[in-house]
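K.L.:
Residue numbers (UniProt numbering), protein chains in the order written: chain A, 1 to 318; chain B, 1 to 503.
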């Protein structure tokens, strides 16, 4: 049978969508703080104010006529990223990795004409990619020079690290690697590989693609049991301190590793998905309950990270 | 976490209120639970005839007065006569009058009666008194003998009356009884004997209903008071109790027909059984009642009523969407777009609707792909798509008209702005995620719309949401409860299957 019994899932502590919405997002994420994560420009400014490392901000385009300033903005750069401030699910992100003779090239080598960039930004301003079609602004960011340590793990895209931060404690993490199938995107439902990470060490525990366990990266054949995320402690600290910054109890943080600057906070998510459980091969509920049961005042970041490393470590499933 | 109790109490109250008001509606107003239910009704013609004597005439005729039957329509025809319907002490009477009546006169009264099923007749507040009959000397001892004999063998008003009726109808009559029956009709004798024992009893006039009978007369029957109710006895036919096919035409012990200024008066009845839709019968009766405080949609003009018939279906569609999304976990593009598509399907029928929708969206996507290369602002692009959608709809309507396909004409019922947005979103989805996702999310929307359509197009559902407004409270409570559902969606049971397997 292709279906699990609900009580089996419950016993394993697997969180479902309705439970996430009602018992965690609804209860721990006050509506008034959503703007801090839904608007990437606000997130970025907050992060800068809190000394959290983020990708360079090259510029902001908030009016149609400013679109023409973009070539000037990116004049002396090899690559850049244009993203909508209120986009969701990776929609509307345009990555340019090469600029040559006034022409722009995407990571897969396809050319993007300036006219196409104008249209993309114009659409962004009109709210095409934002939730509910609200008017938006476009953020132009510096390109991340991703750490060569991940060479071979990801295909045509930067792998990113998703951590679930519950009341300031990192509870579960995964590495998301794009594949040919996901078209350079790191979203699991589009075919990216999700690798569950041990909270204590940053080592891979389990890997899935399309919800099925995999041992090798489908394109590069990289053995996924060998993955070790570098700078793991810094990463945990940065992600955990995002709690103080945005005050959302149930939070997803997306980070990337830059070759020079180390972990950078890409974006925050007030409604992180459930696929992280599948990547970890483990339900998240027991860990959330563990934190919920804790009493006492809020610990400092370092203590929270130490506590999580002590309690949420798991054995590899490879 | 604050208590959930008030919430559940609210939900329970909504649920109970909804069910209760529906039951009330059904019981009090006879609104049938199922559409297409039929009720029996009786069309009865009463023909009053008498001989006029060339002088003023006044005809006072009792009208049916029986809680077991409700008057649906009544009218009287009587050329040249003035007509007045008087209501006195629960008894309605028609009074015809004319200055000069010559020769044979015929007056007609026609009524349509609907059985209500309330065959028990409750006596009024004050106990009716019984005037003892003073027997003629010749009959006195015979009557007293029989009465005391029966009295000994009875326990209550009812049993006394039963015994008495049996005695009157006894084949082997005693001499006493034969004597009494020689000068009294059985019905008279029955009432007089009851009254002698101070048991309230009165003669009423009943009409036995039988399909297609003509020239029927009223039967004299007797009502005997017992424990707060009037019990019916038909002494002539030795029948005790009320049968469904008896109408009490006059039940207060008054005369049925009084004619002043005429001779040889009589009344004849003819009747016809008819079946009519239970729903419209109930609505007609509610309209007759003219209750200003009755908040029902039937009081609206027909046009508004049909509008509401559509609007009241939306909660059903919404319920389907909530169920399919929260419990089953089907993804749709746009939260309530499927409901709007389903509403359009109701106008177009399912197959035409599906084909029309696919045609419009397919053509729209083609045009949209051209517009996308023009580098327009989003707002004007969507506006352009709306205008083009109107062209497409007009074009298909014309084509189908020329081809003689009347179904195609209904394509105009699709909400255009919704279609334009759908096309825009699908086009973006196509560019970003590929055609596969367009078919998945578009297919999901159409699937949900189809299910919603099937639910909304169900004649039972349509009957309930319009005629029992309490159902909407029930729907509200169900939606609220589903909003509390923290369990797994059906699709999640499949999605998380890998997490359940291993120990």
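Glycine residues also receive a C-beta, built at the ideal position from the N, C-alpha and C atoms.
Taking the alpha-carbon of residue 226 of chain A as reference, which of A:183, A:127, A:29, A:204 has the nearest alpha-carbon?
P.N.:
Taking the first residue of the first chain as 1, we reach residue 226 of chain A at position 226. Nearest option by C-alpha distance: A:204.
K.L.:
Identify, in the order they occur along the chain, each residue of the same chain with its Cβ nearer than 6 Å to the Cβ of residue 34 of chain A, setting aside the five sequence neighbours on each side.
P.N.:
In the first chain, residue 34 of chain A corresponds to position 34, counting from 1. Around residue 34 of chain A: 270.
K.L.:
Does the beta carbon of residue 326 of chain B sit closer than 8 Å to a beta carbon anywhere in chain A?
P.N.:
As a position in the second chain, residue 326 of chain B is number 326, starting the count at 1. At a cut-off of 8 Å, the C-beta of residue 326 of chain B has a neighbouring C-beta in chain A.
K.L.:
Does residue 299 of chain A come out as helix, strand or coil in the three-state DSSP assignment?
P.N.:
Looking up residue 299 of chain A in the first chain gives position 299. Coil, per DSSP.
K.L.:
Just the chain B side, please: which residues come within less than 7 Å of residue 8 of chain A by C-beta, in chain order?
P.N.:
Here residue 8 of chain A refers to the residue found at position 8 of the first chain. What residue 8 of chain A touches in chain B: 500.
K.L.:
The alpha helix (DSSP H) that contains residue 348 of chain B, what's its start and end?
P.N.:
As a working note, residue 348 of chain B is residue 348 in the second chain. 337 to 348 is the span of the alpha helix (DSSP H), which, as asked, contains residue 348 of chain B.
K.L.:
Tell me residue 275 of chain B's beta-bridge partners as DSSP assigns them.
P.N.:
Within the second chain, the letter at position 275 stands for residue 275 of chain B. According to DSSP, residue 275 of chain B bridges with B:40.
K.L.:
Rounded C-beta distance between residue 264 of chain A and residue 144 of chain A? I'm assuming under 8 Å.
P.N.:
As a working note, residue 264 of chain A is residue 264 in the first chain. As a working note, residue 144 of chain A is residue 144 in the first chain. Rounded, the Cβ-Cβ distance is 7 Å, consistent with contact.
K.L.:
So is residue 435 of chain B buried or exposed if we call it buried at 16+ other beta carbons inside 10 Å?
P.N.:
For the purposes of this step, residue 435 of chain B is taken as the residue at position 435 of the second chain. Exposed is the call here.
K.L.:
Inspect the beta-carbon positions of residue 58 of chain A and residue 141 of chain A and report whether they are closer than 8 Å.
P.N.:
Locating residue 58 of chain A in the first chain gives position 58, counting from the first residue. Locating residue 141 of chain A in the first chain gives position 141, counting from the first residue. Contact flag set, yes.
K.L.:
Cutting at 7 Å between CB atoms, please list the residues of its own chain near residue 344 of chain B, excluding the five before and the five after it.
P.N.:
Start at 1 with the first residue of the second chain, and residue 344 of chain B comes out as number 344. The answer, listed in chain order, is 353, 413, 414, 415.
K.L.:
Ordered along the chain, which non-local residues of its own chain (more than five positions away) have a Cβ less than 7 Å from that of residue 342 of chain B?
P.N.:
Locating residue 342 of chain B in the second chain gives position 342, where the first residue counts as 1. These residues qualify, in order along the chain: 317, 449, 452, 453, 456.
K.L.:
What did DSSP end up calling residue 33 of chain A once you bin it into helix, strand or coil?
P.N.:
Taking the first residue of the first chain as 1, we reach residue 33 of chain A at position 33. Three-state result, residue 33 of chain A: helix.
K.L.:
Short of 6 Å in beta carbon distance, which residues of its chain neighbour residue 320 of chain B, apart from the five on each side in sequence? Order them along the chain.
P.N.:
Here residue 320 of chain B corresponds to residue number 320 of the second chain, with the count starting at 1. Hits under 6 Å: 451, 452, 455.
K.L.:
Are there three or more Cβ pairs, one per stretch, closer than 8 Å when the stretch 43 to 52 of chain B is compared with the stretch 256 to 267 of chain B?
P.N.:
With the rule of 3 Cβ pairs closer than 8 Å, the stretch 43 to 52 of chain B counts as touching the stretch 256 to 267 of chain B.
K.L.:
Can you tell me whether residue 64 of chain B is buried or exposed, with buried defined as 16 or more other CB within 10 angstroms of its CB?
P.N.:
Start at 1 with the first residue of the second chain, and residue 64 of chain B comes out as number 64. It is buried - the Cβ of residue 64 of chain B has at least 16 other Cβ atoms within 10 Å.
K.L.:
With H, G and I counted as helix, E and B as strand and the rest as coil, what does DSSP make of residue 394 of chain B?
P.N.:
Locating residue 394 of chain B in the second chain gives position 394, counting from the first residue. Reduced to three states, the DSSP call for residue 394 of chain B is helix.
K.L.:
CA-CA distance, residue 95 of chain B and residue 117 of chain B?
P.N.:
Position 95 of the second chain holds residue 95 of chain B. Position 117 of the second chain holds residue 117 of chain B. For residue 95 of chain B and residue 117 of chain B, the distance between alpha carbons rounds to 29 Å.
K.L.:
Kindly indicate if chain B contains any beta-carbon less than 8 Å away from that of residue 204 of chain A.
P.N.:
Numbered from its first residue, the first chain carries residue 204 of chain A at position 204. Not closer than 8 Å to any Cβ of chain B, the Cβ of residue 204 of chain A fails to qualify, so no.
K.L.:
Three or more beta-carbon pairs under 8 Å between the stretch 18 to 29 of chain A and the stretch 67 to 78 of chain A, yes or no?
P.N.:
no
K.L.:
Considering only the alpha carbon of each residue, which of A:53, A:68, A:9 lies closest to residue 284 of chain A?
P.N.:
The residue given as residue 284 of chain A occupies position 284 in the first chain. The shortest CA-to-CA distance from residue 284 of chain A to any of A:53, A:68, A:9 is the one to A:9.
K.L.:
By a C-beta neighbour count over all protein chains shown, 10 Å radius and 16 as the cutoff for buried, is residue 152 of chain B buried or exposed?
P.N.:
As a position in the second chain, residue 152 of chain B is number 152, starting the count at 1. By the C-beta density criterion, residue 152 of chain B is exposed, having fewer than 16 other C-beta atoms within 10 angstroms.
K.L.:
How would you list, in chain order, the residues of chain B whose beta-carbon sits under 7 Å from the beta-carbon of residue 211 of chain A?
P.N.:
Within the first chain, residue 211 of chain A is the residue found at index 211, counting from 1. Neighbours of residue 211 of chain A in chain B, taken as residues at a C-beta separation under 7 Å, are given in chain order as 495, 498.
K.L.:
Could you name the residues of the stretch 110 to 136 of chain B whose beta carbon sits closer than 8 Å to any beta carbon of chain A, in the order they occur along the chain?
P.N.:
none
K.L.:
Alpha carbon to alpha carbon, how far is residue 24 of chain B from residue 279 of chain B?
P.N.:
Along the second chain, read from residue 1 onward, the residue named residue 24 of chain B stands at position 24. Along the second chain, read from residue 1 onward, the residue named residue 279 of chain B stands at position 279. If I take the Cα positions, the gap works out to 15 Å.
K.L.:
So what's residue 69 of chain A in DSSP terms, helix, strand or just coil?
P.N.:
The residue you call residue 69 of chain A lines up with position 69 of the first chain. Note: residue 69 of chain A maps to helix in three-state DSSP.
K.L.:
Which whole-angstrom value describes the C-beta separation of residue 312 of chain A and residue 199 of chain A, a residue pair presumed to lie in contact below a C-beta threshold of 8 Å?
P.N.:
Taking the first residue of the first chain as position 1, residue 312 of chain A is located at position 312. Taking the first residue of the first chain as position 1, residue 199 of chain A is located at position 199. Residue 312 of chain A to residue 199 of chain A, Cβ: 4 Å. Contact.
K.L.:
Which residues of chain B have a Cβ atom closer than 8 Å to the Cβ of residue 195 of chain A, listed in chain order?
P.N.:
The sequence position of residue 195 of chain A within the first chain is 195, counting from 1. Correct list: empty, because the minimum Cβ distance to chain B is about 15 Å.
K.L.:
So with CB distances below 7 Å, who are the chain B contacts of residue 164 of chain A?
P.N.:
Counting from 1 along the first chain, the entry for residue 164 of chain A is found at position 164. Here the premise fails: no neighbours, minimum Cβ distance about 16 Å.
K.L.:
Take the Cβ of residue 16 of chain A as the centre, count every other Cβ of all protein chains shown within 10 Å, and call the residue buried at 16 or more, exposed below.
P.N.:
Translated into positions along the first chain, residue 16 of chain A becomes position 16. Residue 16 of chain A should be labelled buried.
K.L.:
Does residue 88 of chain B come out as helix, strand or coil in the three-state DSSP assignment?
P.N.:
By one-based count along the second chain, residue 88 of chain B stands at place 88. If DSSP states are grouped into helix, strand and coil, residue 88 of chain B belongs with the strands.
K.L.:
Identify the residues that DSSP records as bridge partners of residue 263 of chain A: which are they?
P.N.:
Taking the first residue of the first chain as position 1, residue 263 of chain A is located at position 263. A:257.
K.L.:
Express the C-alpha separation of residue 20 of chain B and residue 223 of chain B in angstroms, rounding to a whole number.
P.N.:
Your numbering for residue 223 of chain B matches position 223 in the second chain. Your numbering for residue 20 of chain B matches position 20 in the second chain. Going by the C-alpha atoms only, they are around 36 Å apart.
K.L.:
Going by DSSP, what residues sit across from residue 433 of chain B in a beta bridge?
P.N.:
The sequence position of residue 433 of chain B within the second chain is 433, counting from 1. Answer is none; residue 433 of chain B lacks a bridge partner.
K.L.:
If you measure between the beta carbons of residue 129 of chain B and residue 200 of chain B, is that distance less than 8 Å?
P.N.:
The residue given as residue 129 of chain B occupies position 129 in the second chain. The residue given as residue 200 of chain B occupies position 200 in the second chain. Cβ distance < 8 Å, so residue 129 of chain B and residue 200 of chain B count as in contact.
K.L.:
Which bits of chain B does residue 347 of chain A rub up against, with CB to CB less than 7 Å?
P.N.:
Past the boundaries of the shown model lies residue 347 of chain A; chain A is included only from 1 to 318, so the question cannot be answered.
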